[in-house]
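Here is the structure we will look at.
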Amino acid sequence: MSGEGYADHVVQYAPDYSLCTGCETCAILCGLTHFEVTGPHVSGIHVNLGTRDCIHHIEVCQQCLDRPCYEACPKKDEAMCFDEDTGVTYVNQEHCIGCGMCMKACRFEPSRITLRRAEKRKGWRAVKCDLCRDKEGMPTCITHCPVRCIGLASDSVPVEAGMHPAIPNAL
Amino acid sequence: MPNYTLDDIRNHEGNDQHLLGYSGKIIRINLTTRDVSFVDTYQYVPKYVGGRMVINRIFWDEVEPGTGAFDEGNKFIYMTGPTTGTGIPAGGRSAACAIGAANSPEQYAWGNIGGWFATELKYAGYDGLIVEGKAADPVYIHIEDDTIEVLPADDLWGLRVHEAQAALEERYGHDAKSMVIGPAGENLVRIASITTGNDCVFAKGGFGAVWGSKKLKAITVRGSGVIAPADMERLMYLRYHMNNPGMRPSPVLHMTEIGVPGAEFPVEYDRGNVACSPGCNQHCNALLMNGRSAFSDERVNHIEKCVSICTFDYRSDIPTTVGMFWPTKENYCAPCKLLSREFPEPDFSDPNFEGQGQPLAPDILDFWGPDYDRGTIVNDLCNEYGIDKWEIIIWMMPWLAMCKAEGLFDGMDLGCEAPIDVESEAFLREFITNLVYRRTDVGNIFAEGMARAIRTLGYETFSETIYHGRYSQMLDGKRIDLPVSLEAAWGQSVHWQGRGFEGAIEKPTWLAMSLINMVSTRDAQTVEHFHAKYDYHDEAVADPYHCPHTIDAIMHTQNAAEIKDSVMSCEWQSPDLWWPTMEAEMYAAATGYPMTEQELDEAACRSKLLFRAILIRDHGRCRRQEIESIWRILCVPDSNDEVADWESWNEMVDLYYEARGWDLETGWPYRETYERYGLADVADEMERRGLVPKRPSERWHDYGEPPSVLFAENRKREEQLA
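So the protein sequences, as listed, match chains S and W.
For the first sequence, numbering that gives the first Met the number 0 begins at 0 and goes up steadily by one.
For the second sequence, numbering that gives the first Met the number 0 begins at 0 and goes up steadily by one.
Set out below in structure tokens:
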């Protein structure tokens with residue numbers, strides 16, 4: 000997708016190594032860790048659930064090196080920020096105005112950035128994966144995945160390309 | 000408006016105790032009038048905890064005695080729990096009740112279900128649903144936060160389960176979660192189920208037919224709000240300690256054999272393991288990949304739950320060990336670990352290792368031989384039509400096999416062009432399709448479920464004829480007879496009854512399982528598996544009918560089931576016999592309310608009492624009625640060629656009734672029993688109806704004569720002739 004590649008981001012391993020169970024622990028724990036709640040718009044990671052075939056895929060920011068979300072932010076470096084040491088683009092909740100420009104600028108479909116209702120319901124705030132940059136160790140989603148089917152890598156090869164032969168039409 | 004912040008939940012109208020975990024509202028939808036209104040969740044909690052306890056109370060308050068499964072007055076009452084969507088393991092499940100179409104006779108039934116629907120409903124701002132009335136034409140309910148609509152379902156009606164799910168996802172997006180019925184529910188097939196994602200189902204009770212009678216095809220929901228647990232630290236502790244999650248990779252494996260343990264046959268397929276609901280820390284559902292579809296050339300994945308394994312091969316029954324029901328602390332293993340094949344290494348230092356590890360050899364039944372493709376087709380038919388696999392695989396198919404072996408079908412075709420043969424994919428496909436669409440007279444008969452069908456065909460012949468193909472491995476291959484119909488109680492098939500499916504278990508165990516089924520309305524063994532600590536095993540074996548520990552364990556099993564269906568967990572996670580405060584900790588972590596083990600147990604007793612009162616008030620439940628319902632199966636010999644003794648069984652029932660505070664003669668709770676658990680209002684109504692017994696001056700002891708059991712008489716006659 001991007002000609003310039005990605006920084007380290009959360010990736011889903013091939014099912015030969017570990018099959019996603021669809022438990023959504025990654026998304027639930029992400030919401031709890033960042034906002035003390037669970038919900039579809041409070042997590043930086045989302046699980047695209049296979050209702051019928053039970054083959055599930057994570058959808059998460061790949062930390063594009065050219066950072067279209069960062070470039071689109073009208074409050075760049077205040078709301079959407081960039082950590083030069085780690086390559087992580089992250090949202091400063093204090094300054095985000097919830098305009099949604101970053102969400103629209105994301106090159107993935109669906110967008111890897113979502114909007115949550117802000118405290119006291121005064122407007123919106125953007126939510127995206129920040130690799131739990133304020134915490135020590137690996138991101139929460141990786142730490143708590145019961146089957147270790149996600150990890151950290153800069154290689155952007157999507158998981159379906161390395162799918163198990165038993166999942167020929169996964170996507 | 001859904002809850003979007005912690006404060007929204009804490010300060011929700013009616014939430015005087017500022018509980019977290021709940022969303023705060025239950026939706027009431029009347030399909031006759033299309034009216035939508037709301038019920039305050041907090042008027043029921045924390046007293047009724049959530050899930051099953053709340054639906055019991057609503058059912059008691061709102062459903063009139065005498066209501067039939069297909070009547071307009073029947074209600075489908077559905078509830079999540081306070082742990083649902085919080086990340087507390089297995090909290091993603093939910094419970095529902097209604098007058099069941101599958102029970103015989105029709106009566107209150109309940110079930111629980113996995114999938115992602117429950118969590119999504121809470122994101123939309125609701126803890127549950129009360130669906131009442133009847134639509135004139137097919138409809139579905141669409142919920143999206145504040146938008147709640149009853150919409151025409153003409154274009155969905157007639158679709159199979161997966162087609163309907165796909166159509167709704169197409170319409171509302173992949174994130175919308177649905178519960179749907181298939182053609183079986185539409186055609187009022189009494190064993191019809193309701194399906195949600197992951198092929199999770201409300202299988203028991205025939206709720207799919209209840210929806211069909213209301214012309215309700217589906218409910219779909221999408222929410223944008225939040226759920227909040229109260230105690231993150233406790234939540235994380237639970238995640239890391241409930242049944243010792245593996246926390247290791249779980250790859251797709253290429254398998255080279257399948258079948259009942261000990262009787263596997265060679266076949267190549269791929270297998271993974273998945274979870275059933277959000278937040279679970281286990282993955283007990285086996286995913287069999289790329290099997291044949293019953294409807295196209297497409298290869299399909301399907302979930303293999305415990306019963307599916309028998310579709311592939313049913314020459315011998317399921318082997319067990321003593322420790323599966325009477326575990327020791329050292330070698331306790333949760334069922335989710337068995338199903339995901341992650342059971343721990345045995346602890347040989349266990350002083351009771353040998354006793355609890357003692358194998359119980361399964362019976363040779365010789366119902367049908369190995370065929371992987373046939374098995375996947377049968378599973379796919381059940382999934383897509385939306386019918387209860389248990390009834391098809393454990394009752395109907397063995398019945399077909401046994402009747403054919405005994406020559407009962409000679410000269411018959413059962414409405415099928417294909418010759419009657421349970422090993423034939425073509426025959427099974429035709430027979431099951433006929434019953435789902437009520438094609439042919441025979442299809443119409445079997446659409447009523449096995450209990451009713453065999454009575455229509457001729458009970459004496461098609462239920463009580465002796466099948467001569469069962470051989471006990473517990474008794475060195477001795478032939479022990481079975482009746483051709485494996486019916487237990489209330490129109491449900493056997494399940495851990497000591498004979499037929501999951502048969503080779505010890506007498507104290509099958510007595511306990513049968514007592515639990517006797518006081519139930521549905522097959523209780525998918526939701527209330529009996530467990531007791533091994534410490535009491537030898538005492539129970541020495542006197543299976545009178546061991547007080549067995550009675551305690553039965554009550555603990557029932558109460559624990561009530562609790563896990565309310566706090567919300569699953570049968571495989573809860574209870575943990577060596578962690579008695581686990582569910583109270585789950586509740587506290589979800590809500591912030593300092594629930595104690597004792598308080599939860601009292602809530603369970605209260606809910607059990609409500610259930611009992613419903614059965615007495617609405618269905619005339621009494622001692623004689625329920626003993627007659629279970630007695631037949633107790634007269635079928637177990638793997639050790641033993642049957643129950645009438646006097647002793649009645650004495651065991653006495654012990655249980657006394658422990659529950661029920662009258663021995665009627666089986667009805669006394670007034671003080673209701674009052675002890677805060678149900679004086681229920682006692683008042685029961686008293687007005689003349690359904691509260693007076694304590695007798697002398698202990699009642701008039702068991703009378705046992706009901707006649709045709710199978711037992713046939714067996715005696717055959718022995719005399721021999």
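Beta carbons: idealized from backbone N, C-alpha and C, even for Gly.
Distance between beta carbons of residue j and residue i, contact taken as under 8 angstroms
{"i": "K607 (chain W)", "j": "N649 (chain W)", "result": "Going by Cβ atoms, the distance from K607 (chain W) to N649 (chain W) rounds to 21 angstroms, so no, they are not a contact pair."}
{"i": "T66 (chain W)", "j": "K133 (chain W)", "result": "Not a contact, Cβ separation roughly 12 angstroms."}
{"i": "G50 (chain W)", "j": "A94 (chain W)", "result": "4 angstroms"}
{"i": "H536 (chain W)", "j": "V321 (chain W)", "result": "7 angstroms"}
{"i": "V299 (chain W)", "j": "D379 (chain W)", "result": "6 angstroms"}
{"i": "D372 (chain W)", "j": "R291 (chain W)", "result": "5 angstroms"}
{"i": "V435 (chain W)", "j": "A183 (chain W)", "result": "5 angstroms"}
{"i": "A612 (chain W)", "j": "M685 (chain W)", "result": "6 angstroms"}
{"i": "H143 (chain S)", "j": "T37 (chain S)", "result": "H143 (chain S) to T37 (chain S), Cβ: 13 angstroms. No contact."}
{"i": "T146 (chain W)", "j": "K121 (chain W)", "result": "Actually they do not touch by this definition, with Cβ atoms about 16 angstroms apart."}
{"i": "M241 (chain W)", "j": "P88 (chain W)", "result": "5 angstroms"}
Distance CB(residue i)-CB(residue j) smaller than 8 angstroms
{"i": "R147 (chain S)", "j": "S42 (chain S)", "result": "no"}
{"i": "G124 (chain W)", "j": "D144 (chain W)", "result": "yes"}
{"i": "M178 (chain W)", "j": "A217 (chain W)", "result": "yes"}
{"i": "G499 (chain W)", "j": "L481 (chain W)", "result": "yes"}
{"i": "C305 (chain W)", "j": "G91 (chain W)", "result": "no"}
{"i": "L187 (chain W)", "j": "F69 (chain W)", "result": "yes"}
{"i": "C332 (chain W)", "j": "P343 (chain W)", "result": "yes"}
{"i": "C72 (chain S)", "j": "M100 (chain S)", "result": "yes"}
{"i": "D312 (chain W)", "j": "G261 (chain W)", "result": "no"}
{"i": "L364 (chain W)", "j": "S315 (chain W)", "result": "yes"}
{"i": "V38 (chain W)", "j": "I25 (chain W)", "result": "yes"}
{"i": "E501 (chain W)", "j": "I302 (chain W)", "result": "no"}
{"i": "W630 (chain W)", "j": "S492 (chain W)", "result": "no"}
{"i": "N197 (chain W)", "j": "C53 (chain S)", "result": "yes"}
Residues of its chain near residue i, where Cβ-Cβ distance is below 7 angstroms and the 5 sequence neighbours each way are ignored
{"i": "P593 (chain W)", "result": "A587"}
{"i": "R56 (chain W)", "result": "Y43, Y47 and L609"}
{"i": "A560 (chain W)", "result": "V526 and E527"}
{"i": "S628 (chain W)", "result": "A488, W489 and M517"}
{"i": "L709 (chain W)", "result": "E459 and E463"}
{"i": "E712 (chain W)", "result": "none"}
{"i": "A603 (chain W)", "result": "N558, E561 and I562"}
Spatially closest choice to residue i from the options, by CA coordinates
{"i": "C105 (chain S)", "options": "S:V10, S:C144, S:C128 and S:Q92", "result": "S:C128"}
{"i": "V441 (chain W)", "options": "W:Y466, W:A450 and W:C415", "result": "W:C415"}
{"i": "H8 (chain S)", "options": "S:I57, S:C101, S:R115 and S:T20", "result": "S:I57"}
{"i": "S223 (chain W)", "options": "W:T320, W:P1 and W:R340", "result": "W:P1"}
{"i": "P145 (chain S)", "options": "W:Y125, W:G86 and W:Y171", "result": "W:G86"}
{"i": "A274 (chain W)", "options": "S:C101, S:H55, S:D82 and S:P39", "result": "S:H55"}
{"i": "S103 (chain W)", "options": "W:I28, W:E447 and W:P706", "result": "W:E447"}
{"i": "M288 (chain W)", "options": "S:Y69, S:R51, S:C63 and S:A152", "result": "S:R51"}
{"i": "M52 (chain W)", "options": "W:G261, W:G127, W:F69 and W:H282", "result": "W:G127"}
{"i": "E118 (chain S)", "options": "S:C140, S:C95 and S:F107", "result": "S:C95"}
{"i": "T407 (chain W)", "options": "W:G374, W:L456 and W:F430", "result": "It is Leu, not Thr, that sits at residue 407 (chain W) in the sequence shown. Comparing Cα positions, the closest option is W:L456."}
{"i": "G211 (chain W)", "options": "W:L364, W:E267, W:D617 and W:G385", "result": "W:G385"}
{"i": "N14 (chain W)", "options": "W:A404, W:T40 and W:M401", "result": "W:T40"}
{"i": "L286 (chain W)", "options": "S:S153, S:A6 and S:P14", "result": "S:P14"}
{"i": "A78 (chain S)", "options": "S:V10, S:I149, S:F34 and S:V126", "result": "S:V126"}
Interface flag, residue i vs chain C, CB-CB below 8 angstroms
{"i": "V9 (chain S)", "result": "Structure shown: chain C not included; protein chains present are S and W."}
Same chain, Cβ closer than 8 angstroms to residue i, five either side skipped, listed in chain order
{"i": "H161 (chain W)", "result": "N382 and E383"}
{"i": "C80 (chain S)", "result": "Y69, T88, Y89, V90 and N91"}
{"i": "E168 (chain W)", "result": "A175 and S177"}
Cβ-based neighbour list, residue i, same chain, cut-off 6 angstroms, excluding 5 preceding and 5 following
{"i": "E131 (chain W)", "result": "N29 and K74"}
{"i": "R66 (chain S)", "result": "T88"}
(message) Quick check on the DSSP output: what are the complete alpha helix (DSSP H) runs of length 4 or more inside the segment 525-611 of chain W, in order along the chain?
(response) Those alpha helix (DSSP H) runs which fall completely within the segment 525-611 of chain W and span 4+ residues are 536-541, 547-562 and 581-590.
(request) Scan the segment 252-340 of chain W and note each continuous beta strand (DSSP E) run of 3 residues or more that stays entirely inside, going in chain order. (result) Restricting attention to beta strand (DSSP E) runs no shorter than 3 residues, the segment 252-340 of chain W encloses them at 252-257, 264-273, 284-291, 298-303 and 313-315, ordered along the chain.
(message) Which runs of the alpha helix (DSSP H) at least 4 residues long sit entirely within the segment 168-213 of chain W? Give them in chain order.
(response) If we require 4 residues or more, the alpha helix (DSSP H) runs fully inside the segment 168-213 of chain W come out as 182-185 and 206-212.
(message) Just to confirm the assignment: which complete beta strand (DSSP E) runs, minimum length 3, are found wholly within the segment 360-435 of chain W?
(response) 363-367, all fully within the segment 360-435 of chain W.
(message) So within the segment 97-173 of chain W, which uninterrupted alpha helix (DSSP H) runs reach at least 4 residues, ignoring any that extend past its ends?
(response) DSSP runs (the alpha helix (DSSP H)) wholly in the segment 97-173 of chain W: 116-122 and 160-171.
(message) What ranges does the beta strand (DSSP E) occupy inside the segment 617-682 of chain W, keeping only unbroken runs of at least 3 residues that lie completely in it?
(response) Runs of the beta strand (DSSP E) inside the segment 617-682 of chain W: none found.
(message) Give the list of continuous alpha helix (DSSP H) stretches no shorter than 4 residues that lie fully inside the segment 61-145 of chain S.
(response) Runs of the alpha helix (DSSP H) inside the segment 61-145 of chain S: 67-71, 100-104 and 139-143.
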